[in-house]
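Protein chains in written order, with the numbering used here: chain A, 22 to 250; chain B, 22 to 250; chain C, 22 to 250; chain D, 22 to 250.
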């Protein structure tokens with residue numbers, strides 16, 4: 022992918038999160054990576070969504086070192102690059118403050134797979150991280166946020182469950198492409214909304230059977246996928 | 022009804038579900054049947070709602086065999102045709118992922134008749150199916166979904182209660198015509214929303230008296246109907 | 022007020038309920054009365070909101086006898102006229118299916134005065150009627166609905182609490198004028214929404230003190246009113 | 022700041038609260054103060070939002086004495102001026118009836134810091150006032166509302182927690198500028214919505230750790246601020 026294509030995709034991903042109502046005020050940021058060149062493109066800091074163009078997107082290397090200096094990158098950059106280094110198959114990361122996903126994150130409630138909409142996109146529970154320690158917070162909060170996500174995914178496949186709830190904070194979502202990450206962010210919010218309502222109505226509600234979870238997930242993903250409805 | 026009229030009606034039913042906010046992303050599908058010719062018309066798979074025309078609608082026979090091959094039918098086709106074969110008086114089927122109906126489906130909570138809006142459209146409880154077995158899921162999931170709906174309606178009149186919640190999945194709704202099915206899908210969502218809120222506020226809330234249920238249902242349906250407000 | 026003015030006001034009240042999102046589909050109706058001539062003007066039955074003009078409004082006497090025969094009156098006419106006969110100071114009646122007021126009606130939960138928004142418009146609890154008996158339902162349901170409202174207001178001043186929740190059905194709201202009734206219907210829905218959320222969060226929550234209720238109510242009503250914010 | 026600039030800012034703050042959906046009907050008012058001249062500018066009473074211009078804004082001194090007499094000031098003026106006299110660093114006050122903040126106010130539930138969105142804007146719990154006594158209500162309700170807010174902030178820094186819930190009534194919010202106060206009012210409503218949902222799902226939920234609260238607050242405020250995302 023050319024750098025100008027990546028800039029455009031990342032711009033569109035940032036604007037899509039606003040259009041879908043997933044960000045409050047200016048809280049949210051999307052990035053993408055070109056794995057061949059190792060270049061990361063991320064939303065700038067301090068530029069209003071209405072005025073944002075592809076040209077405002079900030080380019081860094083995979084360690085977050087700026088490759089140009091016209092705009093300041095999003096203050097969450099180090100979380101994004103930590104994820105790109107650890108999850109080598111992902112191509113885009115989005116952080117939103119979408120209401121129900123954030124409610125679940127601050128309620129420290131993982132999102133259990135309660136229905137097939139969940140299963141179509143997330144193969145199992147969407148986990149909550151532990152809280153960071155005071156030392157982690159003071160010693161590099163943004164990178165530590167990425168690290169606690171990576172820790173939470175030990176033993177999980179980040180492409181099978183492409184989202185996490187950071188305790189007391191909100192969701193991070195990813196995907197192979199910016200389009201996929203945007204769709205995952207949108208579905209996450211709906212799935213979080215439905216999970217909240219199901220748990221509030223029926224405390225102790227069980228997840229759907231594994232057979233149904235696997236069937237739906239495989240219907241959309243992998244070699245047997247029969248995509249579309 | 023001519024085939025081109027049916028294509029147009031099915032297109033409009035699909036677009037109406039989007040306009041009423043009953044589908045998330047591309048999840049949802051509407052179909053119609055012409056009982057004289059036995060032809061079923063259903064939403065295509067993989068065509069964006071914005072680009073969809075009557076010409077994209079897919080025609081099959083009542084067993085789901087394609088009568089033309091230009092577009093792929095919705096992947097839920099076999100559920101629709103199973104319902105058309107079993108419920109011989111219905112003329113249209115709609116599957117949505119409307120939020121509250123899906124919440125009730127994944128909470129395994131039937132929608133009891135708690136008010137007259139319910140009674141105007143549904144003569145009694147809207148049931149939840151049982152979960153499918155692993156064997157049913159692997160041996161033809163989409164048709165099995167139709168069969169478990171039919172099983173759930175043993176002893177019920179599908180025209181008196183023109184909707185069902187598929188466990189862990191979401192609602193299927195039907196009607197004599199596509200317009201009726203769209204209206205039933207819209208009312209179902211409102212009724213599900215109100216039921217969720219009533220049960221969350223008052224666990225154990227009783228349905229309305231049978232006399233009120235029957236009076237309201239008969240006001241809108243059958244030979245004594247005094248339609249309109 | 023001239024008849025043509027009243028037709029126009031009643032048309033606008035009907036359209037305002039739709040614009041404010043207080044009616045679902047075509048469920049809802051507003052009427053007005055000219056006390057001097059005794060003429061009642063009400064929404065017609067079976068005319069779509071989009072096509073509705075002042076000319077479609079139906080004129081009857083205070084007992085619901087049609088004074089012209091071009092359109093059929095709303096099927097809820099007898100509830101409206103029963104209220105006009107019993108509550109001699111009211112000039113307009115509105116029936117909506119607004120979501121939270123209907124939820125409270127089907128949950129059989131009166132709306133306690135929990136805040137000053139309530140107190141500004143309703144001097145005390147908004148009551149729920151009892152359920153109608155099977156005999157009342159079969160013997161003239163629509164008029165009986167009006168009568169059970171009147172029964173519920175024995176000992177209450179209908180101008181101080183200009184709304185009621187009909188058990189298992191939904192709200193009726195009134196006012197001295199159609200404008201006042203529309204505003205009361207809008208406030209009722211917000212007050213019902215807030216009451217639902219307060220009760221769900223804090224079962225057993227107490228109403229605000231009488232001194233605060235009275236102060237706010239008097240600020241907006243009566244000889245000491247200092248209207249506006 | 023010139024008086025005409027202040028009028029314009031206060032107008033915009035009033036219109037912004039409507040645009041953000043924070044006021045119901047005409048309930049709500051914003052004001053600003055020029056600390057140099059001591060002039061307060063506030064929304065007029067009885068002027069529709071659609072017709073409101075900078076010229077309608079009412080100018081008073083810090084004790085609420087009108088400096089011109091063309092329009093009547095908002096009936097909540099004395100609450101605003103009481104806050105300006107007590108909280109000497111604030112430059113703007115806004116009163117809204119935003120839904121969830123009002124629900125928390127009438128539920129007598131302070132908003133605990135449950136997440137980082139809260140921490141970014143409010144350094145700790147957003148408190149609820151006590152109820153006013155009957156004597157306070159009758160002896161000057163509007164000023165007493167201001168005084169009970171001041172009483173509630175004894176030992177708190179009003180710039181660190183720029184909002185309060187008045188028991189049984191609703192929120193008052195402030196800031197150094199009208200823009201800041203509008204943003205605080207918008208964030209308050211989102212934070213209240215999330216807190217309601219978290220408490221309803223998980224009664225007894227604990228606030229986030231102090232280290233996380235302080236880190237996020239300092240990220241946006243004070244000498245170490247790294248603003249933007």
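For every residue, glycine included, the Cβ atom is placed at its ideal position computed from N, Cα and C.
Worksheet entry | Candidates 242(B), 84(B), 44(B): closest to residue 121(B) by CA position | Your numbering for residue 121(B) matches position 100 in the second chain. Measuring C-alpha to C-alpha distances from residue 121(B) to each of 242(B), 84(B), 44(B) identifies 44(B) as the nearest.
Practice prompt. Could you tell me whether the Cβ atoms of residue 192(D) and residue 186(D) are closer together than 7 Å?
Written response: On the fourth chain, residue 192(D) is found 171 positions in, with the first residue counted as 1. On the fourth chain, residue 186(D) is found 165 positions in, with the first residue counted as 1. In this structure, residue 186(D) lies closer than 7 Å to residue 192(D) by Cβ.
Worksheet item: Going straight from the alpha carbon of residue 226(B) to that of residue 83(C), what length do you get?
Response: Sequence index remark: in the second chain, residue 226(B) carries index 205 (1-based). Sequence index remark: in the third chain, residue 83(C) carries index 62 (1-based). Roughly 38 Å separates the two Cα atoms.
Worksheet item: residue 121(B) touches chain C at which residues, Cβ-Cβ below 7 Å?
Response: On the second chain, position 100 is the one that residue 121(B) refers to. Ordered by position in chain C, no residue passes the 7 Å Cβ test against residue 121(B), which lies about 11 Å from the chain.
Discussion item. Taking 7 Å as the threshold (C-beta atoms), are residue 128(D) and residue 96(D) in contact?
Written reply: One-based indexing of the fourth chain puts residue 96(D) at position 75. One-based indexing of the fourth chain puts residue 128(D) at position 107. No, they are not a contact pair.
Worksheet item: Secondary structure at residue 60(A), three-state DSSP: helix, strand or coil?
Response: Working through the first chain from its first residue, we reach residue 60(A) at position 39. In the structure shown, residue 60(A) sits in a strand (DSSP, three-state: E or B).
Item to complete: Can you give me the start and stop residues for the beta strand (DSSP E) that residue 50(C) sits inside?
Response: As a working mapping, residue 50(C) is identified with position 29 in the third chain. It spans 50-55 - the beta strand (DSSP E) in which residue 50(C) sits, taken as one unbroken run.
Worksheet item: In chain A, which residues lie with their C-beta within 7 Å of the C-beta of residue 230(D)?
Response: Counting from 1 along the fourth chain, the entry for residue 230(D) is found at position 209. Correct list: 152.
Worksheet entry | residue 186(B) - DSSP class collapsed to helix/strand/coil | As a first step, residue 186(B) is located in the second chain; it is residue number 165 there, counting from the start. Look at residue 186(B) here: in three-state DSSP terms it is strand.
Worksheet item: Whose Cβ in chain A lies nearer than 9 Å to the Cβ of residue 45(B)?
Response: Working through the second chain from its first residue, we reach residue 45(B) at position 24. Result: 138, 207, 208, 211.
Worksheet item: If we count the other Cβ atoms within 10 Å of its Cβ and call it buried at 16 or more, is residue 271(B) buried or exposed?
Response: Within the shown structure, residues of chain B are numbered from 22 to 250, placing residue 271(B) beyond reach of any answer.
Practice prompt. Using a Cβ-Cβ cut-off of 7 Å, state whether residue 223(D) counts as contacting chain A.
Written response: Taking the first residue of the fourth chain as 1, we reach residue 223(D) at position 202. It does: the Cβ of residue 223(D) has a partner Cβ on chain A nearer than 7 Å.
Worksheet item: Anyone know if the C-beta pair for residue 116(C) and residue 160(C) falls short of 7 Å?
Response: Working through the third chain from its first residue, we reach residue 116(C) at position 95. Working through the third chain from its first residue, we reach residue 160(C) at position 139. Here residue 116(C) is not near residue 160(C), since their CB atoms are 7 Å or more apart.
Discussion item. Just to confirm, is the Cβ distance from residue 171(C) to residue 107(C) under 7 Å?
Written reply: Start at 1 with the first residue of the third chain, and residue 171(C) comes out as number 150. Start at 1 with the first residue of the third chain, and residue 107(C) comes out as number 86. Annotated as proximal: residue 171(C) and residue 107(C), with beta-carbon spacing under 7 Å.
Item to complete: Could you say if the stretch 23-35 of chain C and the stretch 197-216 of chain C meet the contact criterion of at least three C-beta pairs nearer than 8 Å?
Response: Cβ pair count under 8 Å is three or more, so yes.
Worksheet item: Looking at the C-beta of residue 219(B), does it have a partner C-beta in chain C at a distance below 7 Å?
Response: Sequence index remark: in the second chain, residue 219(B) carries index 198 (1-based). For residue 219(B), the answer is yes, since a Cβ of chain C falls inside 7 Å of its Cβ.
Discussion item. Since residue 217(C) and residue 218(B) should fall inside the 8 Å C-beta cutoff, what is the C-beta to C-beta distance between them, to a whole number of angstroms?
Written reply: Numbered from 1 along the third chain, position 196 holds the residue referred to as residue 217(C). Numbered from 1 along the second chain, position 197 holds the residue referred to as residue 218(B). In this structure residue 217(C) is in contact with residue 218(B), their Cβ atoms being roughly 6 Å apart against a cut-off of 8 Å.
Fill in: Neighbouring residues, chain D, relative to residue 77(A) (Cβ below 8 Å)
Residue numbering aside, residue 77(A) sits at position 56 when the first chain is read from its first letter. Result: empty, since nearest Cβ-Cβ is about 12 Å, beyond 8 Å.
Worksheet item: Is it true that the CB of residue 213(B) sits closer than 7 Å to the CB of residue 78(B)?
Response: Locating residue 78(B) in the second chain gives position 57, counting from the first residue. Locating residue 213(B) in the second chain gives position 192, counting from the first residue. No, these two residues do not count as a Cβ contact at 7 Å.
Worksheet item: Counting only beta-carbon atoms, is residue 169(D) nearer than 7 Å to chain C?
Response: Counting from one through the fourth chain, the residue named residue 169(D) turns up at place 148. Residue 169(D) has a beta carbon lying at 7 Å or more from every beta carbon in chain C.
Worksheet item: Helix, strand or coil: which one does DSSP assign to residue 138(A)?
Response: Residue mapping note: residue 138(A) aligns to position 117 of the first chain, counting from 1. Assignment of residue 138(A) by DSSP, reduced to helix, strand and coil, places it in the helix class.
Discussion item. Per the DSSP calculation, residue 195(D) is bridged to which residue(s)?
Written reply: Here residue 195(D) corresponds to residue number 174 of the fourth chain, with the count starting at 1. Under DSSP, residue 195(D) forms a beta bridge with 114(D).
Discussion item. According to DSSP, is residue 131(B) part of a helix, a strand, or is it coil?
Written reply: Here residue 131(B) refers to the residue found at position 110 of the second chain. In the structure shown, residue 131(B) sits in coil (DSSP, three-state: anything other than H, G, I, E or B).
Worksheet item: Does the Cβ of residue 224(D) have 16 or more other Cβ atoms within 10 Å, making it buried, or fewer, making it exposed?
Response: The residue given as residue 224(D) occupies position 203 in the fourth chain. The residue in question, residue 224(D), is exposed, as its Cβ has fewer than 16 Cβ neighbours within 10 Å.
Discussion item. Assuming residue 169(A) and residue 99(A) are in contact, meaning their beta carbons sit under 8 Å apart, how far apart are those beta carbons, in whole angstroms?
Written reply: In the first chain, counting from the first residue as 1, residue 169(A) sits at position 148. In the first chain, counting from the first residue as 1, residue 99(A) sits at position 78. 12 Å between Cβ atoms; not a contact.
Worksheet item: Any C-beta of chain A sitting closer than 7 Å to the C-beta of residue 41(B)?
Response: In the second chain, residue 41(B) corresponds to position 20, counting from 1. Using a CB distance cut-off of 7 Å, residue 41(B) does not count as an interface residue toward chain A.
Worksheet entry | Partners in chain A for residue 52(B), counting only beta-carbon separations shorter than 9 Å | The count along the second chain starts at 1 and reaches residue 52(B) at position 31. Within 9 Å Cβ-Cβ: nothing; residue 52(B) doesn't reach chain A, min ~12 Å.
Worksheet item: What's the C-alpha gap between residue 243(D) and residue 176(D)?
Response: For the purposes of this step, residue 243(D) is taken as residue 222 along the fourth chain, with counting starting at 1. For the purposes of this step, residue 176(D) is taken as residue 155 along the fourth chain, with counting starting at 1. Computed Cα separation, rounded: 20 Å.
Fill in: Counted within 10 angstroms of its Cβ, other Cβ atoms place residue 233(B) as buried (16 or more) or exposed
For the purposes of this step, residue 233(B) is taken as residue 212 along the second chain, with counting starting at 1. Burial state of residue 233(B) is buried, judged by a 10 Å Cβ sphere holding 16 or more other Cβ atoms.
Worksheet item: Can you name the residues that DSSP bridges to residue 79(A)?
Response: Position 58 of the first chain, counting from 1, holds the residue named residue 79(A). Partner(s): 63(A).
Item to complete: Assuming residue 111(D) contacts residue 196(D) (C-beta within less than 8 Å), just tell me the rounded distance between them.
Response: Residue 111(D) sits at position 90 when you count from the first residue of the fourth chain. Residue 196(D) sits at position 175 when you count from the first residue of the fourth chain. Right, the Cβ-Cβ distance comes to about 7 Å (below 8 Å), so this counts as a contact.
Discussion item. Between 194(C), 222(C), 183(C), which has its C-alpha nearest residue 238(C)'s C-alpha?
Written reply: If you number the third chain from 1, residue 238(C) lands on position 217. Selection 194(C), 222(C), 183(C) evaluated against residue 238(C) yields 183(C) as nearest (Cα-Cα).
Worksheet item: From what residue to what residue does the alpha helix (DSSP H) around residue 148(A) run?
Response: Sequence index remark: in the first chain, residue 148(A) carries index 127 (1-based). Judged by DSSP secondary structure, residue 148(A) falls outside any alpha helix (DSSP H); it is assigned neither H nor E.
Fill in: Residue range of the unbroken alpha helix (DSSP H) whose run includes residue 234(D)
One-based indexing of the fourth chain puts residue 234(D) at position 213. Segment 231-241, the alpha helix (DSSP H) holding residue 234(D).
Practice prompt. Indicate the three-state DSSP secondary structure (helix, strand or coil) for residue 249(C) in the structure shown.
Written response: Mapped onto the third chain, residue 249(C) falls at position 228. Low per-residue confidence applies at residue 249(C): pLDDT is 44, beneath 50, and the placement is therefore not dependable, though the value from the model is reported in the following sentence. Assignment of residue 249(C) by DSSP, reduced to helix, strand and coil, places it in the coil class.
Item to complete: With residue 105(D) as the anchor, note down where its alpha helix (DSSP H) starts and where it stops.
Response: Walking along the fourth chain from the start, residue 105(D) turns up at place 84. Taken as a continuous stretch (DSSP letters only), the alpha helix (DSSP H) holding residue 105(D) covers 98-107.
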